[in-house]
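Structure first, commentary second.
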Amino acid sequence: SQQGEEDPQALSIQEGENATMNCSYKTSINNLQWYRQNSGRGLVHLILIRSNEREKHSGRLRVTLDTSKKSSSLLITASRAADTASYFCATDKGSARQLTFGSGTQLTVLP
Amino acid sequence: NAGVMQNPRHLVRRRGQEARLRCSPMKGHSHVYWYRQLPEEGLKFMVYLQKENIIDESGMPKERFSAEFPKEGPSILRIQQVVRGDSAAYFCASSPPEQIYEQYFGPGTRLTVT
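Chains as they are written, first to last, in this note's numbering: chain S, -2 to 108; chain V, 8 to 121.
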């Protein structure tokens, strides 16, 4: 699989439920970020977690990072219909500024 | 503070024509990145520029594609002699010097080659 591979590819839940998305990567990283993309739109930066951090919160978002397993998870609590979007993780290696994106998880929150 | 601006938002070109995509970074941002997104896929890095310099073009196709970020004006991604496979969404991102890993994305230009 590619660097920054999200799982599942698609997720459909009811409003109010929690949504969990996972991201795995292959090589060592400096930072891992999560972005949201609404259909036909640009990307919105959600949260950045550094390689020496294990967990980070921002509002209803909780991100974990396990560098030993080369994986990260994004938890959205109390989901809303407006959370419907594609979610991408992106990694950087520090020396190079380019971000490497996964193929994304399509989240659908049903009202 | 306006976000990253891209224009046009949609561009239709016939095979063999040239496509020019423009990106104005956020105010105070001196680093620009171009990414390409094919349908149902994630973004793929193309090129990273600072004013008047190409820093990393490892993701750029060797032929027909070029990018610049002049001292004055927007960054330009140019695709010469477009082919159907160039049809994609092209996103520009910018970052300030002090927060080099948080990139702020524009709305994208959707290129369709007919």
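Even glycine gets a Cβ: it sits at the ideal position worked out from N, Cα and C.
Closer than 7 Å, CB to CB, is residue i near chain S or not?
| i | result |
| --- | --- |
| G35 (chain V) | no |
Taking the Cβ atom as the reference point for each residue, do residue i and residue j lie within a distance shorter than 7 Å?
| i | j | result |
| --- | --- | --- |
| L29 (chain S) | L62 (chain S) | yes |
| R43 (chain V) | M33 (chain V) | no |
| T88 (chain S) | Y22 (chain S) | yes |
| E64 (chain V) | K78 (chain V) | no |
Cβ of residue i less than 7 Å from any chain V Cβ?
| i | result |
| --- | --- |
| R33 (chain S) | no |
| S(-2) (chain S) | Annotation note: pLDDT 33 at S(-2) (chain S) (below 50); position unreliable, coordinate value reported separately. No, no contact with chain V. |
| D89 (chain S) | yes |
| Q11 (chain S) | no |
| S100 (chain S) | yes |
Can you have a look at residue i and say buried or exposed, based on whether 16 or more other CB atoms are within 10 angstroms of its CB?
| i | result |
| --- | --- |
| S(-2) (chain S) | At S(-2) (chain S), the pLDDT of 33 sits below 50, so the modelled position is not reliable; the number obtained from the coordinates is stated separately. The residue is exposed, with fewer than 16 neighbouring Cβ atoms inside 10 Å. |
| Q110 (chain V) | buried |
| A95 (chain V) | buried |
| E3 (chain S) | buried |
For the ligand GTP, I want to know if residue i counts as a neighbour, meaning its beta carbon is within less than 6 Å of at least one of the ligand's heavy atoms.
| i | result |
| --- | --- |
| E64 (chain V) | This structure does not include the ligand GTP; it has no bound ligands of any sort. |
| field | Those runs of the beta strand (DSSP E) which lie wholly inside the segment 33 to 69 of chain S and span at least 3 residues | value | The qualifying runs are 40 to 47, 52 to 55, 58 to 63.
| request: Could you run through the segment 44 to 55 of chain V and flag, in chain order, every residue whose CB is less than 8 Å away from some CB of chain S? | output: Result list: E47, E48, G49, L50, K51, F52, Y55.
| If contact means a Cβ-Cβ distance below 9 Å, which residues of the segment 49 to 77 of chain S contact chain V? | For the segment 49 to 77 of chain S, which is checked against every Cβ of chain V, not one residue is closer than 9 Å.
| Interface residues of the segment 95 to 120 of chain V facing chain S [CB-CB below 7 Å] | Contact residues of the segment 95 to 120 of chain V toward chain S are F98, I107, Y108, E109, Q110, Y111, F112, G113, P114, G115 (C-beta to C-beta distance below 7 Å).
| Which residues, in chain order, does the segment 13 to 31 of chain S contribute to contact with chain V at a C-beta distance below 9 Å? | Going along the segment 13 to 31 of chain S in chain order, one finds N27, N28, Q30 with a Cβ nearer than 9 Å to chain V.
| field | Runs of beta strand (DSSP E) wholly within the segment 57 to 104 of chain V (minimum 3 residues, chain order) | value | Counting only runs of at least 3 residues, the segment 57 to 104 of chain V fully encloses the following beta strand (DSSP E) elements, listed from N- to C-terminal order: 60 to 63, 72 to 75, 82 to 86, 95 to 102.
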